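Participant:
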Amino acid sequence: MDDLSDIREFYNAGWDAEDERLTRHQLEADLTWRYLDLYLPPQGRLLEVGFGTGSYTFALARRGYRMTSVDLAEEFAVRCKVRAESLGLADRTDFRTGDARTLEGVPRGGFDAVLLMGPLYHLVAETDRAMAVGSAFERLRPGGVVFSTMLSRFGIIGDLIRKNPAWIENQEEVRSMISNGYRPDDAPRGGFRGYFVRYEEVAPLHERAGFHTLNIAGVEPAIASDDESYNRLKGEQRELWRNLLFEISEEQSIVASSRHILYIGQKPAD
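Residue numbers are given in my numbering: position 206 of the sequence shown equals residue 386, and the series is strictly consecutive.
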């Protein structure tokens, strides 16, 4: 297995940036919630792998779900436990540190849904991604649902040209990213080291683990990296745009142009 200590340290030092990430990326959050509302069971036990600063955790706990939440970063677990106490949600949340690939100590077969929304960003080796998806499959009860998010190989191009236009000058990295989905093997570790998928990889990765595919969507369809225009929308206008973007979010011709691709699958019933 790949050594993920650099990823752990990246997040241990990045609470503030992660805590306000979905404030910057509001369409991602809005459409993800639409799909959670559509496919989650009305109640039950949820396993969240890669909980970050608890943006989804606490909202789901308020709805009555029992949350078991695992993250690689010790700092996130410590801070989320404190936040859970302050919100009065400690009795519905269980924050742990752990590795998405093994989920050591997490019981098998007892969860109604798994949220795997983050770990697959950083598992560069295909065998590691398969392990993480397989571990999620094992933790679900028959009929349980998985929500996985991945970063799109071509959906991130808009962010790069806007935030880091000099990236294009490192042609070795550009070619490696386009061909392989990650930095060159000899690139120094540090920062956001990740894996970026092609659309056609998404369903097979999960189906090899045993999942039946229910849906694949882009949660930032048609806006490229222009979060600001969506974030400024208010009231009925925002709702109408959100409805339209949700309506087209499964259109295959644009899913891969979204930065985040959401996979929804089901473990077959016995």
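For every residue, glycine included, the Cβ atom is placed at its ideal position computed from N, Cα and C. Since the model is a prediction, treat every value here as computed from it, not as a measurement.
Does the distance from the C-beta atom of R363 to that of R373 stay below 9 Å?
Facilitator: Cβ atoms of R363 and R373: closer than 9 Å.
Participant: Could you please give me the residues that DSSP links to T248 through a beta bridge?
Facilitator: L227 and D274
Participant: Please classify M181 as buried or exposed, where buried requires at least 16 neighbouring CB atoms within 10 angstroms.
Facilitator: By the neighbour-count rule (16 or more Cβ atoms within 10 Å), M181 is not buried but exposed.
Participant: Would you give the residue range spanned by the alpha helix (DSSP H) that I337 belongs to?
Facilitator: I337 to K343
Participant: Using a Cβ-Cβ cut-off of 8 Å (strictly less than) and excluding sequence neighbours within five positions of A270, which residues of its own chain qualify?
Facilitator: K261 and A264
Participant: Determine whether the beta carbon atoms of A402 and S437 lie at a separation below 9 Å.
Facilitator: Closer than 9 Å, so yes.
Participant: Considering only C-alpha positions, which residue in the set V229, G224 and D199 is nearest to S235?
Facilitator: D199
Participant: L331 and Y301: beta carbons closer than 9 Å?
Facilitator: yes
Participant: Check whether the region 301–319 and the region 407–426 are in contact - that is, three or more C-beta pairs closer than 8 Å.
Facilitator: no
Participant: Can you tell me which of Y215, R242 and D210 puts its alpha carbon nearest to the alpha carbon of G224?
Facilitator: Taking only the C-alpha atoms, the option nearest G224 is R242.
Participant: For the alpha helix (DSSP H) that N192 lies in, which residues bound it at each end?
Facilitator: Residues S185 to N192.
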